[in-house]
Amino acid sequence: MPNPVPMAQLSNLLLKLSRELFPDRTEREMFVSALVHPRPCDACLLWCQPKQQAFELRETLDWQPEFVDRLAPGQPPEKHLLFQQGAYDSVEFTALFVASLLLSLGDRPGLVFDLCAGTGSNSVFAWQLLQPKLLLANTLIRQHHRLLFGHLRRCGIMPAAMMSVDSGVLAEVIPGTADLVIVDAPSSAQSVLARGRLNPGCFHPVTIAKYAKCQRRLLANASHLVASQGYLLYTTRTYSLDENEHILDCPFRRTDSFPKTIFQTEPGVLAASQRCCKIEPSGPPDRSHLTS
53 MPNPVPMAQL
63 SNLLLKLSRE
73 LFPDRTEREM
83 FVSALVHPRP
93 CDACLLWCQP
103 KQQAFELRET
113 LDWQPEFVDR
123 LAPGQPPEKH
133 LLFQQGAYDS
143 VEFTALFVAS
153 LLLSLGDRPG
163 LVFDLCAGTG
173 SNSVFAWQLL
183 QPKLLLANTL
193 IRQHHRLLFG
203 HLRRCGIMPA
213 AMMSVDSGVL
223 AEVIPGTADL
233 VIVDAPSSAQ
243 SVLARGRLNP
253 GCFHPVTIAK
263 YAKCQRRLLA
273 NASHLVASQG
283 YLLYTTRTYS
293 LDENEHILDC
303 PFRRTDSFPK
313 TIFQTEPGVL
323 AASQRCCKIE
333 PSGPPDRSHL
343 TS
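Numbering (our numbering), first residue to last: 53 to 344.
Structure follows, in structure tokens:
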């Protein structure tokens with residue numbers, strides 16, 4: 053079970069954020085409670101090879117891709133031999149939920165660019181779902197280089213290439229080349245509290261401002277990488293308006309290249325008028341809980 057966030061961390065900054073996000077008092081209390089009393093998060097298997105019956109599974113959700121299984125609690129997937137053999141990747145359910153926004157895309161992309169690939173979970177999901185002609189996974193964090201390379205190799209992601217190039221350089225050298233650009237941006241990571249982890253200072257204005265500055269630059273550069281009629285998926289692991297809704301305003305004030313964001317709110321239904329959707333930490337495991 054995740055450890056609850058100490059009550060001492062129920063700061064005025066957290067309460068202020070809850071008021072900014074939720075006018076309704078009941079919703080505010082649910083939001084704060086979900087961060088103070090986190091629930092276990094399901095592990096998921098993202099199969100890169102034909103499925104095998106090696107685990108006890110939860111029920112399949114309507115929107116769940118065929119190559120994904122949700123595990124019942126108490127089964128560490130990274131310790132299984134199949135994991136070492138590259139049969140599957142292991143991700144938390146929340147990460148899968150966010151990546152599932154790619155289910156709304158249609159045609160097979162030629163080039164998918166994971167601009168902030170980290171250790172590669174989004175890259176693997178995008179590859180398995182979309183089967184692009186080429187995947188480029190980029191990370192500037194030196195500690196992630198070996199992990200990302202090993203991740204792609206273990207899961208058999210080919211053809212693919214790993215890069216470590218600043219987004220500004222990429223925007224200048226190869227503009228308009230990617231059919232899909234994924235930006236899982238560095239953030240204040242407030243959502244890790246909902247998974248039982250501590251993150252001191254994540255609600256502080258200085259922390260938020262530091263990441264927002266980085267995010268504005270990343271998103272502006274990413275928008276230049278997108279080809280005509282292409283897609284840009286921008287995600288964070290935080291709740292603050294300054295790192296989400298307000299960030300999205302910046303590049304779109306200067307261009308009409310991205311007139312709308314498309315995401316699937318429930319099976320078979322597209323919402324095409326909003327730019328942003330959020331997953332509340334107290335929400336149930338279904339896509340209808342996406343909120344604009």
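From the three backbone atoms N, C-alpha and C, an ideal C-beta is built for every residue, glycine too. If you're wondering where the values come from, they're calculated on a predicted model, not measured in any experiment.
Residue span of the alpha helix (DSSP H) that contains residue i, given as start and end
| i | result |
| --- | --- |
| residue 258 | 257-277 |
| residue 70 | 64-73 |
| residue 88 | 77-88 |
| residue 225 | 219-225 |
| residue 178 | 173-182 |
| residue 199 | 194-206 |
Nearest-angstrom beta carbon gap, residue j and residue i [assumed within contact, 8 Å]
| i | j | result |
| --- | --- | --- |
| residue 182 | residue 157 | 7 Å |
| residue 167 | residue 233 | 6 Å |
| residue 214 | residue 189 | 5 Å |
| residue 113 | residue 94 | Contact flag wrong, Cβ pair sits at about 11 Å. |
Those residues which DSSP pairs with residue i across a bridge
| i | result |
| --- | --- |
| residue 233 | 165, 284 |
| residue 121 | 97 |
| residue 133 | Per DSSP, none; premise fails for residue 133. |
| residue 141 | 98 |
| residue 109 | 123 |
Within 8 Å, strictly: CB atoms of residue i and residue j
| i | j | result |
| --- | --- | --- |
| residue 204 | residue 172 | yes |
| residue 98 | residue 180 | yes |
| residue 218 | residue 199 | no |
| residue 201 | residue 63 | no |
| residue 267 | residue 223 | no |
| residue 228 | residue 279 | yes |
| residue 209 | residue 175 | yes |
| residue 115 | residue 85 | no |
| residue 239 | residue 297 | no |
| residue 207 | residue 121 | no |
| residue 125 | residue 92 | yes |
| residue 197 | residue 170 | no |
| residue 144 | residue 127 | no |
| residue 165 | residue 277 | yes |
| residue 89 | residue 106 | no |
| residue 184 | residue 160 | yes |
Endpoints, beta strand (DSSP E) assigned at residue i
| i | result |
| --- | --- |
| residue 212 | 212-215 |
| residue 187 | 186-190 |
Between the segment 275-291 and the segment 237-246, can you find at least three pairs of beta-carbon atoms closer than 8 Å? yes
Could you tell me whether the segment 96-114 touches the segment 65-73, where touching means 3 or more Cβ pairs closer than 8 Å? no
Looking at C-beta atoms only, is the number of pairs between the segment 74-83 and the segment 269-277 that lie closer than 8 Å three or more? no
Would the segment 247-254 and the segment 126-138 be scored as touching if the rule is three or more Cβ pairs under 8 Å? no
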